[in-house]
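In UniProt numbering, the protein residues as written are 1 to 530.
Don't be surprised by glycine CBs; every beta carbon is placed ideally from N, CA and C.
First the structure, in the form of structure tokens, and then the observations on it.
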Amino acid sequence: MIQNTLNEGINNIKKNKIIFIIMFFLLFLSHFMFPNKVAWPQKYMLLAFFVLITLMLLLNFNDVKKISRNAFWIILLIGIMNSLILPAGTGLDEQPHYAVAAQIADGRFINLANKQEFYDISPDAAFNPEGQLNKYNLYSKEWLALRHVQSDYSKIKIRNYNIANPVFIPSAIGIKLGRLLSPYVYVSYYLGRMFNILALAIMAYFAIKKSKHYKIVLFGMSTIPICLWIPAGYNYDAFYYGLSLLAIAWLVNMFDVKKKIQTKDIVMYTIFCSLIVLAKAPVVSIIILPLFIPKSYYQSANTKIIALIPIIVGIICSGVWLVQSRIFALLGMVTITESSKVAGKVPNLTYFVTHIRESIEVFTRTFIDTIGQSLFEQIAIPNGHLQAPFLKVSHPVMNNANIVIFVLMLVITSFSIDIKIPKYFKAILLMLDLFMIFAIIYAISGDPRVYTQGYQQILGVQGRYLFIVIVSLPLLLSESVRKILNNDVIPVDMVLKQREYIYSIVMKLCFCGALLTSYVYFYSIGALNF
């Protein structure tokens, strides 16, 4: 068995030799992308070279059956590399998310302290980098020497009534394991990040593995740089992305004419959709989509009727999670959320309803900015939050490459989908996508950091929030793309015959884009004085 594995790895390297040469060359060439001389971060370079060699051994781009395995290894290994390159505390909202994960690792699942309180009770959080990229990375002796000290929860004077978000359990497992393996904080900190990536890799693997007609789309969407950089820190995005992939995989499978929809399919789908409430509440609305699938796709008419039960249960469970603070309040246990409400301020919903014209302008302006700028900006620059005042981490070559790869991947995968979706269902899916976008915009308006009543636009609506919409795009575009390309460029029959070749192109494009992005990032960070 070991011999077979080695032989397979050697064969993979032979098949991937051109990609290896290109990416090895870019590993050094990327250093010269910057106008000013930057350092040669040898630790990151060796790490990238190790990941490149390992992936060349593991990846088989020419076998359609290996798509799910390829995705798993790309997400896991490049994601782990990114988690080590990314300086501590510089991921999106890492401070509050790390506080939750660390408290779960301490065995606390209820009544959690907030970020500021956690700084007082946990010496491990004392570094609190707040964007100090040159102080808490693999080159920082101070950071690497910081030892774990047990948190003192007796310092909490006011109890907060809340429940720990389960999406941070993988990170908490990593932190706990790190503490068992080493007394140093950096070990548990990076392992917490790595387990977050591992959770995404596992969910992506099963989504692609179980998908019958949407594999290459799920592969492409799960390996774009957003998925490999954002979950490389402490956040809930790994679960949002993973559950979105699983939900869409199950949804598309329901249109398979060879296998009718069974109750268990609906149950699994509703579980995935309901769990999304833990990460991105408005997206739970996709739970209703099976109700619009024609009964001819179901095992029987009764199966479609029974499908109402898990869907209703899922909606109720999601609702209970969202109103947990009010439930605690009714029981006389006031949470931070309830106690922090500003007296005299009307809720945003009331404000928007009573200012219809202004609200339409605000939401329209925000929608256009989100679709036209934020989405493409985050595809091009997946970790743009590290830009000034901290550090510029983008480059035109990387930005343009990511956009071109994404557009090519979107067009190719849309063209190669081999399943038909009823037109009216596509219309419903499109309307639901639009609803989710506006619902996300409304949800973000509740954050006082990005919106105050009277502002002309709701700021802070990031492109990554629309991941579920991006994943569903090929379903909506497939028919139009086929008509355009089949009439003028590529016959559909040729695509069906060359499916493996086309799939290999998509996998290679996504792999190269992901690795190039990592190169640019660690050279950007290498501009600091290590």
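Anyone know if the C-beta pair for residue i and residue j falls short of 9 angstroms?
i: Met398; j: Gly220; result: no
i: Val167; j: Ala105; result: no
i: Ser472; j: Ile230; result: no
i: Ile458; j: Val450; result: yes
i: Tyr161; j: Ser68; result: no
i: Gly233; j: Leu86; result: yes
i: Leu59; j: Ile80; result: no
i: His148; j: Pro96; result: no
i: Leu112; j: Ala71; result: no
i: Pro396; j: Thr517; result: no
i: Tyr455; j: Phe363; result: no
i: His213; j: Ile417; result: yes
i: Pro468; j: Val323; result: It is Ile, not Pro, that sits at residue 468 in the sequence shown. No.
i: Met203; j: Leu246; result: yes
i: Val185; j: Tyr523; result: no
i: Ala102; j: Ile158; result: no
DSSP puts residue i in a beta bridge; with which residues?
i: Tyr184; result: Arg147
i: Ile224; result: Bridge partners of Ile224: none, in fact.
i: Ile110; result: Ile163
i: Ile261; result: Tyr298
In the DSSP assignment, find the alpha helix (DSSP H) that holds residue i and state where it starts and stops.
i: Ala247; result: 237-253
i: Leu459; result: Run containing Leu459: none; DSSP gives neither H nor E here.
i: Pro231; result: Neither: Pro231 is in no alpha helix (DSSP H) and is coded neither H nor E.
i: Gln103; result: 94-105
i: Val404; result: 396-416
i: Arg449; result: Per DSSP, Arg449 belongs to no alpha helix (DSSP H) and is neither H nor E.
i: Ala48; result: 42-58
i: Lys426; result: 423-444
i: Pro290; result: Looking at the DSSP string, Pro290 is not in any alpha helix (DSSP H), and its letter there is neither H nor E.
i: Phe20; result: 17-29
i: Thr370; result: From DSSP, Thr370 is part of no alpha helix (DSSP H); its letter is neither H nor E.
i: Lys212; result: Counting along the chain, Lys212 falls outside any alpha helix (DSSP H), and DSSP gives it neither H nor E.
i: Ile309; result: 308-322
i: Asp256; result: Element bounds for Asp256: n/a, residue is neither H nor E.
i: Phe72; result: 67-85
i: residue 533; result: The displayed coordinates of the chain run from 1 to 530. Any statement about residue 533 would go beyond what the structure contains.
i: Phe168; result: Note, Phe168: premise wrong, no alpha helix (DSSP H); not H, not E.
i: Thr354; result: 348-354
Compare the C-alpha of residue i against each of the options and name the closest.
i: Leu228; options: Ala247, Ala201, Leu251, Ser244; result: Ala201
i: Val313; options: Ile288, Leu278, Val469; result: Ile288
i: Ile437; options: Lys280, Ile484, Met333; result: Lys280
i: Ala99; options: Asn70, Asp63, Ile121; result: Ile121
i: Lys15; options: Phe28, Met56, Pro41, His31; result: Met56
i: Val64; options: Tyr521, Ile502, Gly513; result: Ile502
i: Leu198; options: Leu218, Leu58, Ser83; result: Ser83
i: Asp152; options: Tyr136, Ile173, Ala125, Lys141; result: Ala125
i: Gly89; options: Ile226, Leu330, Leu138; result: Leu138
i: Tyr297; options: Val283, Ile261, Leu275, Met268; result: Ile261
i: Gly463; options: Thr354, Ile368, Cys512, Arg499; result: Ile368
i: Leu519; options: Lys115, Gly107, Thr303, Tyr44; result: Checking the displayed sequence, the identity of residue 519 turns out to be Tyr instead of Leu. Out of Lys115, Gly107, Thr303, Tyr44, Tyr44 has the C-alpha closest to the C-alpha of Tyr519.
i: Cys273; options: Trp250, Lys259, Ile505; result: Trp250
i: Ala427; options: Ile505, Glu479, Ile417; result: Glu479
i: Ile169; options: Ala145, Val185, Gly107, Gln453; result: Gly107
i: Lys155; options: Tyr190, Glu117, Leu180, Trp143; result: Glu117
i: Ile306; options: Lys176, Thr263, Leu180, Ile505; result: Thr263
i: Ile315; options: Tyr241, Asn302, Ile276; result: Ile276
i: Leu434; options: Cys510, Ile371, Ile444; result: Ile371
i: Leu485; options: Glu500, Tyr521, Ser414; result: Ser414
i: Leu218; options: Gln498, Glu500, Ile470; result: Ile470
i: Ser211; options: Ile22, Lys66, Leu330; result: Lys66
i: Leu46; options: Met33, Phe32, Phe28; result: Phe28
i: Ala401; options: Phe511, Met333, Ala102, Pro123; result: Phe511
i: Leu308; options: Trp321, Arg326, Thr270; result: Thr270
i: Tyr521; options: Met33, Ile173, Arg499, Phe406; result: Met33
Below 8 angstroms on the Cβ atoms is my guess for residue i versus residue j; work out the distance and round it to an integer in Å.
i: Val461; j: Ser318; result: Val461 to Ser318, Cβ: 22 angstroms. No contact.
i: Pro310; j: Ile266; result: 5 angstroms
i: residue 536; j: Ser188; result: In the structure as shown, the chain begins at 1 and stops at 530. Residue 536 is therefore absent and cannot be evaluated.
i: Leu432; j: Ser244; result: Not really, about 13 angstroms apart at Cβ, beyond 8 angstroms.
i: Ile224; j: Lys215; result: 16 angstroms between Cβ atoms; not a contact.
i: Phe255; j: Ile421; result: 6 angstroms
i: Val252; j: Ile419; result: 7 angstroms
i: Phe328; j: Phe425; result: At roughly 40 angstroms, the Cβ-Cβ gap does not stay under 8 angstroms, so Phe328 and Phe425 are not in contact.
i: Leu429; j: Leu476; result: 6 angstroms
i: Lys508; j: Phe61; result: 6 angstroms
i: Gln378; j: Ile226; result: 6 angstroms
i: Tyr236; j: Leu278; result: 7 angstroms
i: Leu52; j: Phe25; result: Not confirmed; about 11 angstroms, so no contact.
i: Asn348; j: Gln498; result: Wrong, their Cβ atoms sit about 52 angstroms apart, outside the cutoff.
How about residue i: is its Cβ closer than 8 angstroms to a heavy atom in the ligand MN?
i: Leu243; result: Looking at this structure, you won't find the ligand MN or any other ligand, since it has none at all.
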